[in-house]
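Asker:
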Amino acid sequence: MSFIDWNDNFSVNVPLFDEEHKKLVQMTNTLYDAIKQGKGKDAISPLLKDLTLYVSTHFTHEECAMQKCNYPDLAAHKKAHAEFIKKVSDYMRLHLNGTLTANQLLNALRDWLIQHICNIDKDYAPFLKKDQTLFF
Ligand code: FEO
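Residue numbers (our numbering): 5 to 140.
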């Protein structure tokens, strides 16, 4: 059983972004699997490195699409993205200091993903789905 099961409640009705969100869920579930195998601590650093790269790409895609569609809350959404990138950097610092457990990271990622996708990301859905061919 996965830590987070993807379901239609997560969908933002933009196929590319749903796929990218599924990848973020999968990365979180991979940490969960590592914890179950007693390898959570070793999984933290690779996960945070992969996450930094992946969310940077994903956030750029979303911000580009929102800009192209004149999404009115672009600035607030960009701010939320920047805050998460900083948060990931903070997690790495805490990990290197030995003050972040794999379970703490797992729960923090789950909370952020669900909150961000189901609230902030879903808000752009009505604006973006009309113009998907014009995103990039
Ligand atoms: Fe899917 Fe705004 O991140």
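For every residue, glycine included, the Cβ atom is placed at its ideal position computed from N, Cα and C.
Pro19 to Leu104, Cα distance in whole Å?
Answerer: 34 Å
Asker: Can you tell me which of Thr56, Gln136, Asp125 and Phe139 puts its alpha carbon nearest to the alpha carbon of Val16?
Answerer: That would be Asp125, whose Cα lies nearest to the Cα of Val16.
Asker: Arg114 to Gly42, Cα distance in whole Å?
Answerer: 19 Å
Asker: Going by other Cβ atoms of all chains shown within 10 Å of its Cβ, with 16 needed for buried, is Gly44 buried or exposed?
Answerer: buried
Asker: Relative to the alpha-carbon of Asn111, which residue among Glu23, Ile39 and Phe14 has its alpha-carbon at the smallest distance?
Answerer: Ile39
Asker: Pull up the distance between the alpha-carbon of Phe140 and that of Asn101, whole angstroms please.
Answerer: 40 Å
Asker: Please classify Leu132 as buried or exposed, where buried requires at least 16 neighbouring CB atoms within 10 angstroms.
Answerer: By the neighbour-count rule (16 or more Cβ atoms within 10 Å), Leu132 is buried.
Asker: So for Cys73, helix, strand or coil by DSSP?
Answerer: coil
Asker: Around the ligand FEO, which residues pass a check of Cβ closer than 7 Å to any of its heavy atoms?
Answerer: Phe21, Glu24, His25, His62, Phe63, Glu66, His81, Ala84, His85, His120, Ile121, Ile124 and Asp125
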